[in-house]
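Colleague: Below is the structure I would like to discuss, written out as structure tokens.
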Amino acid sequence: MSGDREQSPEDRSVVETLRSVVNLLVDPLRAEDDLQHFTLAIPEAQTTTVHGDVGWPRRPPATLACPDCDTDIQQFDWRDDLDCPRCTARFAYDEFGDLDLLYLTCPVCESRMKHGRRHPSVFDVPEWASCVNCQYHWEFAHDFD
């Protein structure tokens, strides 16, 4: 459509239709005033986290199994000693790796998190945890230097 000729009604209709289609596609991507949790990921396939922390001191609360009576032991802070609420078993906080970790609890939505170790021959504690509900992710801080 050159500037020399006037647009026909059909040309204007095509241009308006294209403009409408482009606006429908672009509108969800336009910047808003509140972009706290903006993501382009599809929720069902999302690998991008919304919240997260790094380091053992910022580790989510843990639930471990008591080796004496199999009761759940809660450790809300990484420095808390591990005291069984049912029997007399007591463990220092640095014995965390000696007990069976049942699960970590998401600090955002309080769901059970998926967790794992990437280097099981090096670490006896979890190295990562992810919440499938709110996409919170925690990572152990490594320094192999």
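Each number in this note's numbering corresponds to the 1-based position in the sequence shown with 334 added. Backbone N, C-alpha and C define an ideal beta-carbon position, used for all residues, glycine too.
#1: Relative to the C-alpha of residue 429, which residue among 407, 394, 359 is closest?
#2: With burial defined as no fewer than 16 other Cβ atoms inside 10 Å of the residue's Cβ, what is the status of residue 359: buried or exposed?
#3: Go ahead and pull the three-state DSSP assignment for residue 323.
#4: Would you kindly report the start and end of the unbroken beta strand (DSSP E) that includes residue 446?
#5: Check the C-beta distance from residue 400 over to residue 418 and give it rounded, since I have them as a contact under 8 Å.
#6: Around the C-beta of residue 460, are 16 or more other C-beta atoms found within 10 angstroms, so that it is buried, or is it exposed?
#7: Give the DSSP-derived three-state secondary structure of residue 398 in the structure shown.
#8: Check residue 393 in the structure and name its three-state DSSP category.
#9: Judging by CA-CA distance, which residue of 456, 453, 438, 447 is the nearest neighbour of residue 469?
#10: What does the Cβ neighbour count give for residue 347, buried or exposed, with the cut at 16 atoms within 10 Å?
#11: So, under 8 Å CB-CB, residue 396 and residue 435 are touching, yes? Tell me the CB distance rounded to an integer number of Å.
Modeller: Taking the definition as stated:
#1: Indexing the sequence shown from 1 puts residue 429 at position 95. Ranking 407, 394, 359 by Cα distance to residue 429 puts 407 first.
#2: Locating residue 359 in the sequence shown gives position 25, where the first residue counts as 1. By the neighbour-count rule (16 or more Cβ atoms within 10 Å), residue 359 is not buried but exposed.
#3: Examination of residue 323 is not possible in this model, given that the chain is present from 335 through 479 alone.
#4: Stepping through the sequence shown from its first residue, residue 446 is reached at position 112. Where residue 446 is concerned, the enclosing beta strand (DSSP E) stretches over 446–450.
#5: One-based indexing of the sequence shown puts residue 400 at position 66. One-based indexing of the sequence shown puts residue 418 at position 84. Yes, they are in contact, since the Cβ atoms of residue 400 and residue 418 sit about 4 Å apart, within 8 Å.
#6: Here residue 460 refers to the residue found at position 126 of the sequence shown. Around the Cβ of residue 460, a 10 Å sphere holds 16 or more other Cβ atoms; the residue is buried.
#7: Taking the first residue of the sequence shown as 1, we reach residue 398 at position 64. DSSP places residue 398 in strand when its eight states are reduced to three.
#8: Counting from one through the sequence shown, the residue named residue 393 turns up at place 59. Three-state DSSP puts residue 393 in coil, outside helix and strand.
#9: Along the sequence shown, one-based indexing puts residue 469 at 135. Among 456, 453, 438, 447, the Cα nearest to that of residue 469 belongs to 447.
#10: Here the question's residue 347 lines up with position 13 in the sequence shown. Residue 347 should be labelled exposed.
#11: Reading the sequence shown from its first residue, position 62 is the one you call residue 396. Reading the sequence shown from its first residue, position 101 is the one you call residue 435. With 8 Å as the limit, residue 396 and residue 435 qualify as a contact, their Cβ atoms being about 6 Å apart.
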